[in-house]
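Here's the structure we're looking at; comments come further down.
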Amino acid sequence: MVFRTLCAVALTLSLLVGLSCEQALAREVQTVTLIDLSSDDRAAREITHDVARALKRMKDVRYRAVEESLNIGAEDMQRNNVRSAVSLLRTGKKRLQTKDYDDAAEELESAVTGLMNAFAHCPDQKLVTDVFIFSGVALVKSGQRKLASQAFERAVSYHPKRRPDLSKWGSKVQNLYQKARDKVLLKDQVTWEVRTEPQNAEVWVNGRYFGLSPTFVRSFSGVQFIRLYKAGMARHGKIVNVRTENKVVNLKLKAAKRKPAYDALLESFSEVFDGAVEPNDFSEAQGLLVAPSAVLVYSTGSREKMTVQLAYANLSGRQVVKRVSKTIKWLRRDKKTVERLVQELFKAPDLPKFAPRQVRTDSVFKKWWFWTAVGAVAAGATTAAVLLSRTSEVPAEYGPGQGGIEIRF
0 MVFRTLCAVA LTLSLLVGLS CEQALAREVQ TVTLIDLSSD DRAAREITHD VARALKRMKD
60 VRYRAVEESL NIGAEDMQRN NVRSAVSLLR TGKKRLQTKD YDDAAEELES AVTGLMNAFA
120 HCPDQKLVTD VFIFSGVALV KSGQRKLASQ AFERAVSYHP KRRPDLSKWG SKVQNLYQKA
180 RDKVLLKDQV TWEVRTEPQN AEVWVNGRYF GLSPTFVRSF SGVQFIRLYK AGMARHGKIV
240 NVRTENKVVN LKLKAAKRKP AYDALLESFS EVFDGAVEPN DFSEAQGLLV APSAVLVYST
300 GSREKMTVQL AYANLSGRQV VKRVSKTIKW LRRDKKTVER LVQELFKAPD LPKFAPRQVR
360 TDSVFKKWWF WTAVGAVAAG ATTAAVLLSR TSEVPAEYGP GQGGIEIRF
């Protein structure tokens with residue numbers, strides 16, 4: 000009976016502790032996309048870019064740009080090249096570890112070839128520089144110093160601020176990489192311009208954001224890796240060689256395969272800040288953008304007085320959870336203000352305080368109700384054990400088979 004009592008107490012402890020642990024679980028990372036309802040105005044698009052920047056910096060958010068979803072089916076080659084590069088980089092590293100340098104160089108060179116046509120489609124741009132760098136490492140180890148130097152120069156050109164730790168691979172690799180880096184960074188700087196059709200596309204050059212097109216770029220002369228992004232348009236990457244001042248690079252963006260559906264979606268969400276959205280529109284947005292939730296942004300006004308409205312929509316739950324708005328001056332970029340507004344959007348609502356005392360955060364084992372429950376279980380189990388262990392006090396004449404009846408109250 001003592002064993003049964005202990006089992007009952009243990010069961011109660013496990014149930015209550017499990018409930019406490021479940022409540023203490025950290026919030027899961029959620030995938031969020033961004034829907035821009037603003038007009039194609041430069042100031043409004045700048046704000047949208049900074050909203051996306053704030054979402055990317057949030058720890059519990061995985062940001063998914065609409066460009067990743069709207070051209071599915073028309074970017075199969077680029078997407079396959081990216082997936083192949085991830086696999087080849089993994090196997091190339093393993094071959095470097097086992098000192099199979101020739102095969103490592105061959106596989107990593109294949110990854111480089113694929114990414115040269117797909118670098119703008121990589122969700123993680125660190126992958127591109129990693130492939131370039133490890134290709135150079137493998138080429139050094141396989142005795143191909145000239146090709147290795149070119150690979151390192153390509154890596155530095157793609158992301159000049161990246162400083163990889165190559166000490167693991169020896170002094171030859173380190174010294175050759177440093178020479179390649181110096182060669183790129185000691186080149187003359189040139190100013191040139193990027194123009195796009197349509198305008199107001201995000202312009203990224205060599206790992207840096209330079210604003211919306213048309214925009215001027217200041218960089219080291221030589222190879223330039225240009226990435227262009229605009230909602231509703233296909234992602235675009237271009238490699239150009241700029242050696243002189245005032246060069247103009249004109250680029251044309253193609254409409255994404257699902258742009259008509261996206262335009263219809265924007266129209267259906269046009270009155271979201273007035274609460275007029277059909278539940279089915281949320282489901283369509285989730286299917287089109289491949290994300291369970293979205294932040295909607297709507298910026299209006301002039302640079303002297305911009306009204307920024309944000310809404311957090313649970314697409315899978317088919318409802319708008321929260322809305323915030325703020326009027327700001329946008330004479331120049333104000334990333335901090337936009338970041339605070341996004342944080343406010345994701346902030347949980349404050350609960351009303353009915354008493355001045357603070358909410359206790361001590362352990363569940365210090366709660367009175369916990370030990371009351373444990374005591375009740377233990378007392379019940381003990382009482383049952385005692386009653387079951389007592390011998391019968393029924394007189395012999397009333398025992399089984401004697402014909403007597405005993406009635407107790």
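When we follow numbering that gives the first Met the number 0, the leftmost residue of the sequence shown carries the number 0, and every step to the right adds one.
Beta carbons: idealized from backbone N, C-alpha and C, even for Gly.
- request: Go ahead and pull the three-state DSSP assignment for Ser212.
  value: coil
message: Quick check: what's the CA-CA separation for Trp191 versus Ile71?
response: 33 Å
task: Kindly give me the distance between the Cβ atoms of Phe151 and Leu175, rounded to whole angstroms, as I take these residues to be in contact under 8 Å.
output: 6 Å
message: Tell me the residue span of the beta strand (DSSP E) that contains Met232.
response: Looking at the DSSP string, Met232 is not in any beta strand (DSSP E), and its letter there is neither H nor E.
field: Simplified DSSP assignment, three categories, for Trp191
entry: strand
field: One or two residues paired with Phe224 in a DSSP bridge
entry: Ile238
- prompt: In whole angstroms, what separates the C-alpha of Arg161 from that of Val183?
  reply: 13 Å
query: So does the segment 247-254 actually touch the segment 277-288, counting three or more Cβ pairs closer than 8 Å?
result: no
message: Can you tell me whether Val289 is helix, strand or coil according to DSSP?
response: coil
- request: Indicate the three-state DSSP secondary structure (helix, strand or coil) for Met305 in the structure shown.
  value: strand
query: Lys160 by DSSP, collapsed to three states: which one?
result: coil
- prompt: Taking just the CA atoms, how far does Lys237 sit from Lys328?
  reply: 35 Å
- prompt: Nearest CA to the CA of Ala233: which residue from Leu185, Val193, Ile46 and Ala255?
  reply: Ala255
message: Measuring CB atoms only, is the segment 75-93 touching the segment 106-116, in the sense that at least three cross pairs come out at less than 8 Å?
response: yes
- prompt: Do the CB positions of Lys435 and Phe133 come within less than 8 Å of each other?
  reply: What the structure shows of the chain is the stretch from 0 to 408, and residue 435 is not part of that stretch, so it cannot be assessed.
message: Cutting at 7 Å between CB atoms, please list the residues of its own chain near Asp35, excluding the five before and the five after it.
response: Thr47, Ala230 and Val296
- request: Starting from Leu33, follow its DSSP beta bridges and name the residues at the other end.
  value: Val294
- prompt: By DSSP, does Met203 sit in helix, in strand, or in coil?
  reply: Per the sequence presented here, residue 203 reads as Trp, with Met not at that position. Note: Trp203 maps to strand in three-state DSSP.
field: C-alpha distance - Pro122 paired with Arg339, whole-angstrom precision
entry: 25 Å
- request: Following the continuous beta strand (DSSP E) through Val319, name the residue where it begins and the one where it ends.
  value: Gln318 to Ile327
task: Please determine if the segment 202-213 and the segment 221-229 are in contact, where contact requires at least 3 C-beta pairs separated by less than 8 Å.
output: yes
query: In chain order, what residues of the same chain have a beta carbon less than 7 Å from the beta carbon of Pro259, not counting five sequence neighbours either side?
result: none
query: Over what stretch of residues does the alpha helix (DSSP H) that includes Asn88 continue unbroken?
result: It is Leu, not Asn, that sits at residue 88 in the sequence shown. Leu88 -> alpha helix (DSSP H) spans Asp75 to Gln96.
- request: Return the Cβ separation of Ala293 and Leu33 in integer angstroms, given the expectation that the two are a contact with Cβ distance under 8 Å.
  value: 7 Å
task: Would you mind working out which of Ser83, Val271, Arg194 and His120 sits nearest Glu66, comparing C-alpha positions?
output: His120
- prompt: Going by Cα to Cα distance, which pick from Thr214, Asp164, Ala103 and Gln188 is closest to Gln177?
  reply: Asp164
message: Using only CA atoms, which one of Val289, Ala84, Asn199 and Arg207 lies nearest to Asp40?
response: Asn199
query: Between Met305, Lys321, Val271 and Ala347, which lies nearest to Glu45 when the distance is taken from Cα to Cα?
result: Met305
message: Val189 and Thr243 - do their beta-carbons sit closer together than 8 Å?
response: yes
- prompt: Once you ignore the five residues that flank Phe353 on each side, which residues in its own chain have a CB closer than 6 Å to its CB?
  reply: Note that Phe353 has pLDDT 48, beneath the 50 cutoff, so the model's placement of it is unreliable and the number below is only indicative. Answer for Phe353: no residue qualifies.
query: Just the Cα atoms here: how many angstroms apart are Gln22 and Met57?
result: For Gln22, the pLDDT reaches just 41, beneath the cut-off of 50, and the residue's location in the model is therefore unreliable, although a value from the coordinates is still provided. Looking at the two C-alpha atoms, the distance is approximately 22 Å.
Straight-line Cα distance separating His235 from His69: The amino acid at residue 69 is misidentified as His; the sequence shows Leu. For Leu69 and His235, the distance between alpha carbons rounds to 13 Å.
field: Three-way DSSP call (helix, strand, coil) for Glu105 in this model
entry: helix
- request: Could you tell me the boundaries of the alpha helix (DSSP H) in which Lys346 lies?
  value: Counting along the chain, Lys346 falls outside any alpha helix (DSSP H), and DSSP gives it neither H nor E.
message: Tell me the rounded alpha-carbon separation between Ser267 and Gly316.
response: 17 Å
- prompt: Based on the DSSP output, what are the partners of Ala310 in its beta bridges?
  reply: Leu295 and Arg322
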